[in-house]
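Student:
Protein chains: 2
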Amino acid sequence: MKFQQVALDTLSKARAGEITTGHGTIQTPIFMPVGTAGTVKAVHQRELANDVKAQIILGNTYHLYLRPGLDILEKAGGLHQFMNWDKPILTDSGGYQVYSLSEVRKIKEEGVTFRSHIDGSKHLFTPENVMDTQRIIGADIIMAFDECTPYPCEYGYARKSIEMTHRWLKRCCERFDSTEPKYGYPQALFPIVQGSVYKDLREKSAEAIAFFEREGNAIGGLSVGEPAEEMYAMTEVVCNILPQNKPRYLMGVGTPVNILENIALGIDMFDCVMPTRNGRNGMLFTRNGIINIKNEKWKNDFSAIDEDSALFSDINYSKAYLRHLIHSGEMLGAQIATLHNLNFYLWLVKEAREQIIAGTFYNWKNNMVKKLAQRL
Amino acid sequence: MKFQQVALDTLSKARAGEITTGHGTIQTPIFMPVGTAGTVKAVHQRELANDVKAQIILGNTYHLYLRPGLDILEKAGGLHQFMNWDKPILTDSGGYQVYSLSEVRKIKEEGVTFRSHIDGSKHLFTPENVMDTQRIIGADIIMAFDECTPYPCEYGYARKSIEMTHRWLKRCCERFDSTEPKYGYPQALFPIVQGSVYKDLREKSAEAIAFFEREGNAIGGLSVGEPAEEMYAMTEVVCNILPQNKPRYLMGVGTPVNILENIALGIDMFDCVMPTRNGRNGMLFTRNGIINIKNEKWKNDFSAIDEDSALFSDINYSKAYLRHLIHSGEMLGAQIATLHNLNFYLWLVKEAREQIIAGTFYNWKNNMVKKLAQRL
Numbered sequence: 001m002k003f004q005q006v007a008l009d010t011l012s013k014a015r016a017g018e019i020t021t022g023h024g025t026i027q028t029p030i031f032m033p034v035g036t037a038g039t040v041k042a043v044h045q046r047e048l049a050n051d052v053k054a055q056i057i058l059g060n061t062y063h064l065y066l067r068p069g070l071d072i073l074e075k076a077g078g079l080h081q082f083m084n085w086d087k088p089i090l091t092d093s094g095g096y097q098v099y100s101l102s103e104v105r106k107i108k109e110e111g112v113t114f115r116s117h118i119d120g121s122k123h124l125f126t127p128e129n130v131m132d133t134q135r136i137i138g139a140d141i142i143m144a145f146d147e148c149t150p151y152p153c154e155y156g157y158a159r160k161s162i163e164m165t166h167r168w169l170k171r172c173c174e175r176f177d178s179t180e181p182k183y184g185y186p187q188a189l190f191p192i193v194q195g196s197v198y199k200d201l202r203e204k205s206a207e208a209i210a211f212f213e214r215e216g217n218a219i220g221g222l223s224v225g226e227p228a229e230e231m232y233a234m235t236e237v238v239c240n241i242l243p244q245n246k247p248r249y250l251m252g253v254g255t256p257v258n259i260l261e262n263i264a265l266g267i268d269m270f271d272c273v274m275p276t277r278n279g280r281n282g283m284l285f286t287r288n289g290i291i292n293i294k295n296e297k298w299k300n301d302f303s304a305i306d307e308d309s310a311l312f313s314d315i316n317y318s319k320a321y322l323r324h325l326i327h328s329g330e331m332l333g334a335q336i337a338t339l340h341n342l343n344f345y346l347w348l349v350k351e352a353r354e355q356i357i358a359g360t361f362y363n364w365k366n367n368m369v370k371k372l373a374q375r376l
Numbered sequence: 001m002k003f004q005q006v007a008l009d010t011l012s013k014a015r016a017g018e019i020t021t022g023h024g025t026i027q028t029p030i031f032m033p034v035g036t037a038g039t040v041k042a043v044h045q046r047e048l049a050n051d052v053k054a055q056i057i058l059g060n061t062y063h064l065y066l067r068p069g070l071d072i073l074e075k076a077g078g079l080h081q082f083m084n085w086d087k088p089i090l091t092d093s094g095g096y097q098v099y100s101l102s103e104v105r106k107i108k109e110e111g112v113t114f115r116s117h118i119d120g121s122k123h124l125f126t127p128e129n130v131m132d133t134q135r136i137i138g139a140d141i142i143m144a145f146d147e148c149t150p151y152p153c154e155y156g157y158a159r160k161s162i163e164m165t166h167r168w169l170k171r172c173c174e175r176f177d178s179t180e181p182k183y184g185y186p187q188a189l190f191p192i193v194q195g196s197v198y199k200d201l202r203e204k205s206a207e208a209i210a211f212f213e214r215e216g217n218a219i220g221g222l223s224v225g226e227p228a229e230e231m232y233a234m235t236e237v238v239c240n241i242l243p244q245n246k247p248r249y250l251m252g253v254g255t256p257v258n259i260l261e262n263i264a265l266g267i268d269m270f271d272c273v274m275p276t277r278n279g280r281n282g283m284l285f286t287r288n289g290i291i292n293i294k295n296e297k298w299k300n301d302f303s304a305i306d307e308d309s310a311l312f313s314d315i316n317y318s319k320a321y322l323r324h325l326i327h328s329g330e331m332l333g334a335q336i337a338t339l340h341n342l343n344f345y346l347w348l349v350k351e352a353r354e355q356i357i358a359g360t361f362y363n364w365k366n367n368m369v370k371k372l373a374q375r376l
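In order, the protein sequences belong to chains A and W. Here UniProt numbering is used: the first residue of the first sequence is 1, the next is one more, and so on. Here UniProt numbering is used: the first residue of the second sequence is 1, the next is one more, and so on.
(1) By a C-beta neighbour count over all protein chains shown, 10 Å radius and 16 as the cutoff for buried, is V6 of chain A buried or exposed?
(2) Run through the DSSP bridge pairs and tell me what G282 of chain A is partnered with.
(3) On the criterion of 16 or more Cβ atoms from any shown chain inside 10 Å, does P150 of chain A qualify as buried, or is it exposed?
(4) Cβ atoms of A14 of chain A and residue 450 of chain A: under 7 Å apart, would you say?
(5) Could you pull the DSSP bridge partners for D271 of chain A from this structure?
(6) Pick out whichever of A:E330, A:T360, A:P152 has its Cα sitting closest to the Cα of K294 of chain A.
(7) Specify, as a first and last residue, the run of the alpha helix (DSSP H) that R171 of chain W falls within.
(8) Taking the C-alpha atoms as reference points, what is the distance between K108 of chain W and I72 of chain W?
(9) I need the DSSP call for E74 of chain W, collapsed to helix, strand or coil.
(10) Name the DSSP bridge partner or partners of Q5 of chain A?
(11) Excluding the five sequence neighbours on either side, which residues of its own chain have a C-beta within less than 7 Å of the C-beta of W364 of chain W, listed in chain order?
(12) Quick check on this structure: which residue in W:R115, W:W168, W:S93, W:M283 has the alpha carbon closest to the alpha carbon of L141 of chain W?
(13) What does the alpha-carbon distance come out to for the pair V197 of chain W and R167 of chain W?
(14) Mark V104 of chain A as exposed unless 16 or more other C-beta atoms lie within 10 angstroms of its C-beta, in which case mark it buried.
(15) Since Q194 of chain W contacts G216 of chain W with CB under 8 Å, what's their CB separation in whole angstroms?
(16) So, does the stretch 314-324 of chain W touch the stretch 82-89 of chain A, judging by three or more C-beta pairs under 8 Å?
(17) Measure the C-alpha to C-alpha separation of K170 of chain A and E213 of chain A and round it to an integer number of angstroms.
(18) Counting only C-beta atoms, is A37 of chain W closer than 7 Å to chain A at any point?
(19) Closer than 8 Å is the cut-off here; do at least three beta carbon pairs connect the stretch 287-301 of chain W with the stretch 25-35 of chain W?
(20) Are the C-beta atoms of H324 of chain A and some chain W residue less than 7 Å apart?
(21) Please classify N50 of chain W: is it buried, with 16 or more other beta-carbons within 10 angstroms of its beta-carbon, or exposed?
(22) How many Å lie between E47 of chain A and Y321 of chain W at the Cα?
(23) At what residue ranges does the stretch 78-112 of chain W contain a whole run of the alpha helix (DSSP H), taking only runs of 4 or more?
(24) List the residues of chain A that K297 of chain W touches, going by C-beta distances under 7 Å, in chain order.
(25) Tell me the start and end of each unbroken beta strand (DSSP E) in the stretch 172-244 of chain W that is at least 3 residues and wholly inside, in chain order.
(26) Can you tell me whether S205 of chain W is buried or exposed? The criterion is at least 16 other CB atoms within 10 Å of its CB, across all chains shown.
(27) Measure the alpha-carbon distance for L372 of chain W versus L325 of chain W and round it to whole angstroms.
(28) How would you label I118 of chain W, buried or exposed, when you count the other beta carbons within 10 angstroms and need 16 or more for buried?
(29) Who are the neighbours of P68 of chain W on chain A, taking C-beta pairs under 7 Å?
(30) Just mark E261 of chain A as buried or exposed, buried being the case when its beta carbon has 16 or more other beta carbons within 10 Å.
(31) With DSSP as the reference, identify every bridge partner of N292 of chain W, one or two as the case may be.
(32) Taking only beta-carbon atoms, is S100 of chain W less than 7 Å away from chain A?
(33) Between W:A304, W:T179, W:K2, W:N367, which has its C-alpha nearest G22 of chain W's C-alpha?
(34) Within 8 Å, do at least three Cβ pairs link the stretch 58-66 of chain W to the stretch 332-340 of chain A?
(35) Rounded to whole angstroms, what's the CA-CA distance from E18 of chain W to P256 of chain A? Just pull it up for me.
(36) Can you name the start and end residues of the alpha helix (DSSP H) that G59 of chain A belongs to?
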């Protein structure tokens, strides 16, 4: 994996770059649509590649491990083959879902035991077997196994947690470095900075993580309920420590405003379920603000879903039609809204990149954030 | 509306034809995907037109009347505009859903009072207002308001019912003929033959319906639970009476075998929820038989969904992947299976048409029906 910086903003820490993987290049900053269980919900792979123009998608190790399972994924030749997606894929470590989805879980030094949210069966995730699992899934970028602390989190717990996360990282690296990719293309391992909302812990964790000198670095444990200002403060602290010449991935973030503010702080990669999940519930993100398409005011609005967009479904369908579909629980409503939001998120990061290259990012960003959070 | 016969089979009553509407031509025999509430569930209009190559779709008056409602449909400029579909549309009269979906309904000479299955509100459908409603929806072909008798149905009830259906038809025609289309293109009204599974009632009804000399004729009240042989017997009786030079539409039918057998009896048009509804549950129709994709046997089958198909989703995705999606309740599973089934149904009627024109329909049909109902 190669990371090349293309441009640096002078009024902020924003940077434009390019990541090269075994499945092609990624123009950063980038947003990665979440493809939970081998599918970005309600979207065909053809639409993802040709219409939304996603450059990389994310798969969830927890979901993929439980269903379809490693046996099938390995027989398929990895997730790319299984789902027919030939661009880059990143997988998380499964930790986040273990902490948030499975009811019974027990964190020990060895790893985490948990029960499947599907059938209650018992499983153990360790730093070692999570590396093996991600080798089998075959993502281009894989994540270290960490503990993602909840918000709020007591200082003492957060401190002990990062220490374990760093010990786990050592085990991840040892396993990763002593094994080979299974499908002929390289994989990169990203470690994850934790430390809740405590500046000194975030610094300590960032230093520890940077020390491992992996091909990229991630920040986890944010966007879990803390105020946005705390998130930005932590991103800033961490980005000052993480190496400049490697991509930085802020996990699970966020709203369009969050994304722009974090780009300004030096983040290159994002993922979030918000455009897909909120889309299915009728929330549309646009460059002028947020639309709740269920509202009465869109009932007789026969204008295109997004007149600023070039996406087929934004042009072909009206707001009134989409409102009817979402209101009636029709699948096509979820399909249209998801496409819209993903296309908007991909537009947003592409535009940010162009503004960085043009040297106009900072003012553009400040103007955009005023509009993006408005309710239309 | 014009109907032109292109070819007649010599060994059966099958015919190939062409219907010309204000939204283009339809090559018959044809299958019409069901677009219940202004959407063929899980399918984009772009896919319907370009991939599945649907030539005409069906809308349900009952659903559209309740949601989005006539006010919105009229302001949109009719259903074509509302959903952005510029090929022909046929609407049913709403009667079938009133009988099957609404819990409280009362059939009187004036019409039918019923309660909405959505909010329990009370409504009245009469032959006159159903014509007005379909004028507002703006379908190219609209259906007369009839009583669709259940199966089994006592002879006395069925006899009285067709008499009322015929009186209602007179009222439909009077209202239809004294009103104008709203959106600048013509509409055609098809009456419906009823009579349950009683040969003499079907004959009587077909004669009464033919007497009205409308632009096409339909057969209703079949595929409601009766044995296939009874269905075919009724179709045969009715097709012997309905005029040769007008299209014949068999409502709500059916399986691939039902469709081929009824084409052989002289039917030109079909609609059915089976390809879409059963698709969402993982049942795939293929030229070699029926696949239940949920079955264990497809778990490790990484071959394309349908190797005989040219449809993007049949080629791009494997059986194992589709099984995983349906199993996991992922929307993309419903999307893929629906596309497959609609594409197969459209292939089946297109192939039937070509076989009729080539003079090889009868043997081809007999070979196909042996394979189509097999369980794979």
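Just so it is clear, CB atoms sit at the ideal spot from N, CA and C, and this is done for glycine as well. Since this is a predicted model, take the numbers as computed values, not measurements.
Tutor: Taking the geometry as given:
(1) exposed
(2) Note: G282 of chain A sits in no beta bridge, so no partner.
(3) exposed
(4) In this structure chain A extends from 1 to 376, so residue 450 of chain A is not present and cannot be described.
(5) A:M32
(6) A:E330
(7) 155-177
(8) 29 Å
(9) helix
(10) A:G17
(11) Q355
(12) Per the sequence shown, residue 141 of chain W should be read as Ile rather than Leu. When only C-alpha atoms are compared, the closest one is W:S93.
(13) 21 Å
(14) exposed
(15) Q194 of chain W to G216 of chain W, Cβ: 16 Å. No contact.
(16) yes
(17) 12 Å
(18) yes
(19) no
(20) yes
(21) exposed
(22) 17 Å
(23) 79-83, 95-100
(24) Per Cβ cutoff of 7 Å: no residues; K297 of chain W is ~13 Å from chain A at best.
(25) 188-190, 217-219
(26) buried
(27) 25 Å
(28) exposed
(29) H324
(30) buried
(31) W:M283
(32) no
(33) W:K2
(34) no
(35) 52 Å
(36) Per DSSP, G59 of chain A belongs to no alpha helix (DSSP H); it is in the beta strand (DSSP E), 57-59.
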